[in-house]
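Visitor: Protein chains in written order, with the numbering used here: chain A, 10 to 580; chain B, 4 to 430; chain C, -15 to 138.
All C-beta atoms in this analysis are idealised placements derived from N, C-alpha and C, irrespective of residue type, glycine included.
Please find one structure pasted underneath; my questions will follow.
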Amino acid sequence: MPKIKINNLEIFADPGSTILEAAKEHNINIPTLCYYPDLHINSDCRICSVEIVGQKGLVTACSTPVKDGMDIKVNSPRALNARRTITEMILANHDAHCTTCIRNLNCELQTLADNLGIDATRYENILEPKAIDTSSYSLVRNPNRCIKCGRCIDVCQSVQSVSVLEIIGRGRESVVSPAYGKLIADVFCTYCGQCSSVCPVGAITEKDDTDEVWKALDAHSKHVIVQVAPAIRVSLGEDLGLPLGSIVTGKLISALKMLGFSKVFDTNFTADLTVIEEGHELINRISNKGVLPLITSCCPAWINFAEHEYPELIDNLSTCKSPQQMFGALAKTYYAKRENIDPKDIYVVSIMPCTAKKTEARRPEMSVNNEDPDVDTVLTTRELAKMIKQMGIDFNNLRESNFDKPDEVTSGAGAIFGASGGVMEAALRTVKEVLENKPLKILDFEQVRGTEHIRHADVEINGATYKVAIVNTLGSAREIAEQVKTGNSPYSFIEIMACPGGCVGGGGQPYGTTHAKARERMHSLYQVDRLSKIRKAHDNPAVSNLYTSFLGNPSSSIAHELLHTHYTNKR
Amino acid sequence: MLEMKLVSKRFGLIDPYSIDDFIANKGYQALKKALKADKLDLLDEIENSKLRGRGGAGFPVAIKIMALAKEISQPKYVICNADEGEPGNFKDRYILEKDPHSIIEGMLIAAYMTNAKTGYIYIRGEYSLQIDIMKNAIKQAREKNYLGEAILGTDFSFDLEVRSGAGSYVCGEEFALLESLEGKAGRTRVKPPFPTSRGLFNKPTLINNVETFATLPVIIDIGGKEYAKIGTASSTGTKLISISGNVLKKGVYEVPFGISMRKIINELGGGVENGRKIRMVQLGGECGPIIPEYMLDMVIDFERFEEFESKTGAGALIVIDDRFDFFEILKRISEFFTHESCGKCIPCREGNYHLLKIIDRFVNYCATEKDMNLLENTAMVLHHTSLCGLGQSAPTAIISALHYFRGTFQKRIEASLSQEDRIYAKN
Amino acid sequence: MILAEVLKRFPKKKEYLIEILLEYQKQKETHHFEEHELKEIANYLNIPESRVCSVVGFYTFFSTEPRGKYIFQICRDLPCQLNDNFDLLSSIQMILGIKVGETTQDGLFTLEYTSCLGHCDKSPAIRVNDKIHGSLSLNKLKAIVAECKEKENA
């Protein structure tokens, strides 16, 4: 084990570890900026430069492996000066109107400058203002705030394999941009929003729709209802000062009520409904020799990806709408009728861990009256946290409330939709029990859980073995899609989620989401499931009630009209 | 005689388009000798020669070759860096256009020692003529089985391709060059790993400069120990020197290490025009230090160059006479680096532009003491923190200027102040 | 020359991107790329268009703006500047009647800057398309331009 010294502290470091890792292991903080735990080390910002006694230049802690006998000074005058000088250079080419930035007090550059005690920059401001890209429903790109750290590009290219973002140009003229300097809406962005999630500053953010919602809440003529996606209850707390993985379902409902929503519903309910519809679709395809593998369609970024990159797979996609859109369609039909409200007066907001959901809600197919969107506005976890702060709500001390009817009853199966593998597990619980026609002994399908980007399992139903796969990240989706495209897929059913870990790691989740954090949130979701009275979607009485009172049977014509959709080749 | 023609011995004597000319002038003799020798003995020869890389950094060549030879996995690559983009350097161009086969021969010897089967010569796009000459040379070498399968009846196979640059100075940096060879923008990579373990397509790769490869046949020919007798203890052998600027006989001259710059400039370069005085000389190119006239007795030697902490060793002398404004010269250099910075790391991308802005204040007589301090601080931070060697050496001219010509800066600051007074007086 | 014909000569390997771009741009009289051409190249090599754009934007040889049939590139680095006795830049601007970055109305000439051409022994030097002309004087410069024009009239 290499013995090294960091700031005069003698430590034994793991062989092969970097200076940064060794320091972290011993609670020594080395400032970083472009470094991000799950991404490649590209060592571009040079902020983590440290001095090694006896060496002329400085080295970056993130990329330099430890060597026996290294004597490292993190804050030698030379290292500190370099760090400050580089930070000043960044600030001289940055729109530093911090107080009016969406990332104010939540910005890595701001924190860095603050920690370094920078109160002025010695450099002339050289920022040449460029146009802000507000072309899409999901994301806003502000190049004036971009520090070209490369995180967004790395996640877009190496994790998602979408490669919409690139460094275009050279030297001082380099910009992060889609091809040909186009707007986001003019290229095939999947809107997964991972770029916004890893951006250290306010250069790529979700399109902020909170004002739309405030406006709707203020309009007396509107009946404003809200649905909350499964993954929100295990992540929102982080943005409001609670520990990682806190389950905040009850407080979340109270907060939404305080914000002024007339009703607060749980998307888990339509997740249960999705299980029934998609489960029957799978059963149908298996028994009628339909197109297999069946691939899930809850994730809008995956759908965007498939429509553009793999239109050959459109027949493999489940025709089920996502739980968000099933809810929207039911809200403006079933719910409107039941409550006797003109659908035009119902305003549906969803709280989603996702930026792609904003664009999904605007798909022309997602409108039951072919005019207004079923879901009017989509907010990300971050936007909801912002509204709660704007309202001055003391979130931590809120009392717990329950969801409104008819979604009061939801199953644990719906809850785990927020985790990669969750849709698969929820569907298996229903499909296996329905086909075998006897109660499941073990509800936990441990073999489909986990965080690896591609997982496989063999599932035995009625003596036959079915192969299934669970995929997260679009890079891995590409691998599996290639298999399907070339006819080499051994699977019957594939779940695909665009974000690492599924929706718990969604692009609309609190800033600083990492694989490790997503895993914690995932554990909390499985806890929600474990604690649920009902753990199978088909056991949910509210869902059965919906079928008897409104939809008829799964895959009925009205179910098809409201709960199913179609896809388009967008290549 | 100052000159000692080892690498340049065939310059002007042979038709570069004719392999027969080359062969008739002892060409490919060293290769034939090498193919009969034990690989370890060959490595010993290189080690004994104490040859250091001729591209500027002066890294011991034997260490790199040995590192590649030790790698067991295939494929392995041998790459010749002919992206000679440093202003004031053109010695590689001379080899490319006057004796192309000497480079092929050197690469073959390196490939034979290391068991590499594929090679590339990355030539800057501006050298169209040289690309043409090199492609022709490769074609002829292939026809005569100096390249290709089972070379000259042995079980050694090696083939070579020319790749063209497309206008980027930084591609001379080895990792940027690899990126460019892979068909990408020339933005450098994080080190480690180094190319000998993970280079082109992440495979073990040896990258050397044109002159380095062209020197290998010389060493095999005369023997490593003989070669080491030439030059100085720390810098063995000969060096091609590019002389440009205000001298009468600009050109490339091959001299043994240890000769003073004054001798080279006066005796080979023909000195400066009558009545003119040398004001300063920039060593190595625009990335090198600017030194005053009184330092010209310094000899060409890696150890001496290392004092400047820059890639000075490529062997260029840009002679600047007393007609030019000191700050205009610095400004030109800063403009070059601002234009050529790849933009990957922040210090180089942002810093070079700030250096230019500050220098501009000196040019325009509006600089202050504060500017000088900021100039110095910025230059040092760039030097210490830039990601690649080129970024680190970009501020060398400024750092050396502040060191050797501090008085000139001071004077300009004083003149700036009085200029300010004049403006105030006018108002 | 159609792009497809150039593409045929290169393997479908992404490392050939720069070679393909160089070869095709050389063939085109306007020495520039249009969006649909870059898209075709990206498809041929099975790489994202953003990557092609990144390469085109990085190397100074490539352009997405139409350029003249003859591209005059002026070296402005130190060795050339030290040997420029007749104000090369102003002279060429005067002779061609355009400023740096511009193209003549007839589409014949474009004037650009270039970094060092590696011909410092023949400074000042310029590059016209693939050819480098060194040891320039005012008369030599005029002759180069005249030769280009003659070729056009022939």
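Suppose only complete runs of 3+ residues qualify. What are the beta strand (DSSP E) ranges in the segment 187 to 240 of chain B, listed by chain order?
Guide: Counting only runs of 3 or more, we get 208 to 212.
Visitor: Is there contact here, the segment 40 to 48 of chain C with the segment -9 to 7 of chain C, by at least three beta-carbon pairs under 8 Å?
Guide: They touch, by the three-pair rule.
Visitor: With C-beta atoms as the reference, is residue 512 (chain A) less than 8 Å away from residue 362 (chain A)?
Guide: For the purposes of this step, residue 512 (chain A) is identified with residue 503 of the first sequence, where counting begins at 1. For the purposes of this step, residue 362 (chain A) is identified with residue 353 of the first sequence, where counting begins at 1. In contact: residue 512 (chain A) and residue 362 (chain A) (Cβ atoms closer than 8 Å).
Visitor: Restricting to runs no shorter than 4 residues, where is the alpha helix (DSSP H) found entirely within the segment 214 to 258 of chain A?
Guide: Within the segment 214 to 258 of chain A, the complete alpha helix (DSSP H) runs of at least 4 residues are 219 to 227, 245 to 248.
Visitor: Between the segment 206 to 225 of chain A and the segment 150 to 164 of chain A, are three or more C-beta pairs nearer than 8 Å?
Guide: These segments touch.
Visitor: The segment 362 to 392 of chain B: which residues have C-beta closer than 7 Å to a C-beta of chain A, in chain order?
Guide: Hits within the stretch, in order: 377, 380, 381, 384, 387, 388, 390.
Visitor: Candidates A:326, A:364, A:303, A:382: which alpha carbon is nearest residue 339 (chain A)'s?
Guide: Mapped onto the first sequence, residue 339 (chain A) falls at position 330. Minimum Cα distance to residue 339 (chain A) is reached at A:382.
Visitor: Look up residue 243 (chain B) in the DSSP assignment and give the residues it is bridged to.
Guide: Taking the first residue of the second sequence as position 1, residue 243 (chain B) is located at position 240. BP columns for residue 243 (chain B) point to B:257.
Visitor: Note down, in chain order, every chain B residue with its Cβ under 9 Å from the Cβ of residue 4 (chain A).
Guide: Within the shown structure, residues of chain A are numbered from 10 to 580, placing residue 4 (chain A) beyond reach of any answer.
Visitor: Is DSSP giving residue 276 (chain A) helix, strand or coil here?
Guide: Counted from its first residue, the first sequence places residue 276 (chain A) at position 267. Residue 276 (chain A) falls in the helix class under three-state DSSP.
Visitor: Tell me which residues share the same chain as residue 378 (chain A) and place their Cβ nearer than 8 Å to its Cβ, disregarding the 5 neighbours each side in the sequence.
Guide: On the first sequence, position 369 is the one that residue 378 (chain A) refers to. Closer than 8 Å at the Cβ level, and outside the excluded window around residue 378 (chain A), lie 341, 352.
Visitor: Rounded to whole angstroms, what's the CA-CA distance from residue 64 (chain B) to residue 276 (chain B)? Just pull it up for me.
Guide: Numbered from 1 along the second sequence, position 61 holds the residue referred to as residue 64 (chain B). Numbered from 1 along the second sequence, position 273 holds the residue referred to as residue 276 (chain B). Approximately 39 Å between the Cα atoms of the pair.
Visitor: So what does residue 439 (chain B) bridge to, in DSSP terms?
Guide: This structure does not reach residue 439 (chain B), given that chain B is present from 4 up to 430, and the question cannot be answered.
Visitor: Quick one: using the 10 Å Cβ neighbour count with 16 as the cut-off for buried, is residue 78 (chain B) buried or exposed?
Guide: In the second sequence, the residue the question calls residue 78 (chain B) occupies position 75. Residue 78 (chain B) should be labelled exposed.
Visitor: Residues bridged to residue 481 (chain A) by DSSP?
Guide: The sequence position of residue 481 (chain A) within the first sequence is 472, counting from 1. DSSP lists A:506 as partners of residue 481 (chain A).
Visitor: Per DSSP, what are the beta-bridge partners of residue 84 (chain B) in this structure?
Guide: Here residue 84 (chain B) refers to the residue found at position 81 of the second sequence. Residue 84 (chain B) pairs with B:125, B:212.
Visitor: Taking just the CA atoms, how far does residue 238 (chain B) sit from residue 313 (chain B)?
Guide: Translated into positions along the second sequence, residue 313 (chain B) becomes position 310. Translated into positions along the second sequence, residue 238 (chain B) becomes position 235. Their backbone Cα atoms lie some 16 Å apart in a straight line.
Visitor: Taking the continuous alpha helix (DSSP H) assigned at residue 63 (chain C), which residues delimit it?
Guide: Translated into positions along the third sequence, residue 63 (chain C) becomes position 79. 62 to 66 is the extent of the alpha helix (DSSP H) around residue 63 (chain C).
Visitor: What are the residues in the segment 34 to 48 of chain C lying within 7 Å of chain A by C-beta distance?
Guide: Answer in chain order: 34, 35, 37, 38, 41, 42.
Visitor: So for residue 142 (chain A), helix, strand or coil by DSSP?
Guide: Counting from one through the first sequence, the residue named residue 142 (chain A) turns up at place 133. Looking at residue 142 (chain A) - three-state DSSP - the assignment turns out to be strand.
Visitor: Within 8 Å (strictly less), CB to CB, does residue 85 (chain C) reach chain B?
Guide: Taking the first residue of the third sequence as 1, we reach residue 85 (chain C) at position 101. Cβ-Cβ to chain B under 8 Å: no for residue 85 (chain C).
Visitor: Quick one: what's got a C-beta closer than 6 Å to residue 354 (chain B)'s C-beta in the same chain, skipping five residues either side?
Guide: Here residue 354 (chain B) is taken as the residue at index 351 of the second sequence, counted from 1. Hits under 6 Å: 381, 385.
Visitor: Does the separation of the CB atoms of residue 70 (chain C) and residue 112 (chain C) fall below 8 Å?
Guide: Numbered from its first residue, the third sequence carries residue 70 (chain C) at position 86. Numbered from its first residue, the third sequence carries residue 112 (chain C) at position 128. In this structure, residue 112 (chain C) does not lie closer than 8 Å to residue 70 (chain C) by Cβ.
Visitor: If we call anything under 8 Å between Cβ atoms a contact, is residue 397 (chain A) one with residue 264 (chain A)?
Guide: For the purposes of this step, residue 397 (chain A) is identified with residue 388 of the first sequence, where counting begins at 1. For the purposes of this step, residue 264 (chain A) is identified with residue 255 of the first sequence, where counting begins at 1. Against a cut-off of 8 Å, the Cβ pair of residue 264 (chain A) and residue 397 (chain A) comes out as a contact.
Visitor: What is the DSSP secondary structure of residue 464 (chain A), reduced to helix, strand or coil?
Guide: Counting from 1 along the first sequence, the entry for residue 464 (chain A) is found at position 455. Strand, per DSSP.
Visitor: Using 8 Å for Cβ pairs, my map puts residue 209 (chain B) next to residue 113 (chain B). What's the rounded Cβ distance?
Guide: Numbered from 1 along the second sequence, position 206 holds the residue referred to as residue 209 (chain B). Numbered from 1 along the second sequence, position 110 holds the residue referred to as residue 113 (chain B). Residue 209 (chain B) to residue 113 (chain B), Cβ: 6 Å. Contact.
Visitor: Between which two residues does the beta strand (DSSP E) carrying residue 284 (chain B) extend?
Guide: Here the question's residue 284 (chain B) lines up with position 281 in the second sequence. Where residue 284 (chain B) is concerned, the enclosing beta strand (DSSP E) stretches over 281 to 286.
Visitor: Find the nearest neighbour of residue 393 (chain A) within the set A:179, A:305, A:267, A:319, judged by alpha-carbon distance.
Guide: On the first sequence, residue 393 (chain A) is found 384 positions in, with the first residue counted as 1. If we check each option's Cα against that of residue 393 (chain A), A:267 comes out closest.
Visitor: Who are residue 115 (chain C)'s beta bridge partners in DSSP?
Guide: For the purposes of this step, residue 115 (chain C) is taken as residue 131 along the third sequence, with counting starting at 1. C:112, per the DSSP bridge assignment.
Visitor: Along the beta strand (DSSP E) that carries residue 59 (chain A), what are the first and last residues, could you check?
Guide: Translated into positions along the first sequence, residue 59 (chain A) becomes position 50. Element bounds for residue 59 (chain A): 58 to 61.
Visitor: Looking at C-alpha atoms only, which residue of B:36, B:27, B:57, B:4 is the closest neighbour of residue 214 (chain B)?
Guide: The residue given as residue 214 (chain B) occupies position 211 in the second sequence. Checking every option, the nearest Cα to that of residue 214 (chain B) belongs to B:57.
Visitor: Spatial neighbours of residue 398 (chain B) within its chain, please: CB distance less than 6 Å, with the 5 preceding and 5 following residues excluded, ordered by chain position.
Guide: One-based indexing of the second sequence puts residue 398 (chain B) at position 395. Taken in chain order, the residues that qualify are 382, 385, 386.
Visitor: With H, G and I counted as helix, E and B as strand and the rest as coil, what does DSSP make of residue 104 (chain C)?
Guide: Taking the third sequence and counting its residues from 1, the one referred to as residue 104 (chain C) is at position 120. Helix at residue 104 (chain C).
Visitor: Would you grab the beta carbon distance between residue 82 (chain A) and residue 16 (chain A) for me? Rounded to a whole angstrom, and I think it's under 8 Å.
Guide: As a position in the first sequence, residue 82 (chain A) is number 73, starting the count at 1. As a position in the first sequence, residue 16 (chain A) is number 7, starting the count at 1. Contact holds; Cβ gap of about 7 Å.
Visitor: If you draw a straight line from the alpha carbon of residue 40 (chain C) to that of residue 298 (chain B), how long is it in whole angstroms?
Guide: By 1-based counting over the third sequence, the position of residue 40 (chain C) is 56. By 1-based counting over the second sequence, the position of residue 298 (chain B) is 295. Near 44 Å, if we compare the C-alpha coordinates of residue 298 (chain B) and residue 40 (chain C).
Visitor: Would you call the CB atoms of residue 54 (chain B) and residue 111 (chain B) closer than 8 Å?
Guide: Residue numbering aside, residue 54 (chain B) sits at position 51 when the second sequence is read from its first letter. Residue numbering aside, residue 111 (chain B) sits at position 108 when the second sequence is read from its first letter. Against a cut-off of 8 Å, the Cβ pair of residue 111 (chain B) and residue 54 (chain B) comes out as no contact.
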